[in-house]
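Below: one structure, written as structure tokens.
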Amino acid sequence: EFEESLAGEAGAVTVAMFSSPVCGPCRLVEPKIVEMQEEFSSAGVRMLKLNLTPGRNIKALKPLFSELAVRILPTFLVYKDGEVQRRVFGAKHEKLREVINGLI
Numbered sequence: 002e003f004e005e006s007l008a009g010e011a012g013a014v015t016v017a018m019f020s021s022p023v024c025g026p027c028r029l030v031e032p033k034i035v036e037m038q039e040e041f042s043s044a045g046v047r048m049l050k051l052n053l054t055p056g057r058n059i060k061a062l063k064p065l066f067s068e069l070a071v072r073i074l075p076t077f078l079v080y081k082d083g084e085v086q087r088r089v090f091g092a093k094h095e096k097l098r099e100v101i102n103g104l105i
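Numbering (the numbering used here), first residue to last: 2 to 105.
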């Protein structure tokens, strides 16, 4: 399912946010990510959120987190044409903005 959600138009940029509702930095950066989603939507940038919730979906998402080497929350994987272009770790929303601007 995750790989299918990355499919899009040629040159499309997709940002996958790996987070958890029990992660303080994730919760702090969330409003900035919502702002960026609105800011970049006209450029065709899509944002996906994968929320690792204890007691709910750990068994389902843990293999994906492991496969993509997500060890720090939040982690942002920035894809273009379905391939990871950059990784941004932690609540560094300004760095993420720079990365997106460089790819669109």
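No residue lacks a Cβ here, since even glycine has one placed at the ideal position from N, Cα and C. All values reported here derive from a predicted model rather than from experimental measurement.
Where do the ends of the alpha helix (DSSP H) carrying Asn102 lie?
-> By 1-based counting over the sequence shown, the position of residue 102 is 101. 94 to 104 is the span of the alpha helix (DSSP H), which, as asked, contains Asn102.
For the beta strand (DSSP E) that Leu51 lies in, which residues bound it at each end?
-> Along the sequence shown, one-based indexing puts residue 51 at 50. 47 to 52 is the span of the beta strand (DSSP E), which, as asked, contains Leu51.
Val85, DSSP secondary structure in three states | For this step, residue 85 is matched to residue 84 along the sequence shown. Strand at Val85.
Helix, strand or coil for Val35, going by three-state DSSP, please let me know.
-> Numbered from 1 along the sequence shown, position 34 holds the residue referred to as residue 35. It is helical.
Provide the residue span of the alpha helix (DSSP H) that contains Ala17, from first to last.
-> As a first step, residue 17 is located in the sequence shown; it is residue number 16 there, counting from the start. Segment 14 to 20 is the beta strand (DSSP E) holding Ala17; no alpha helix (DSSP H) there.
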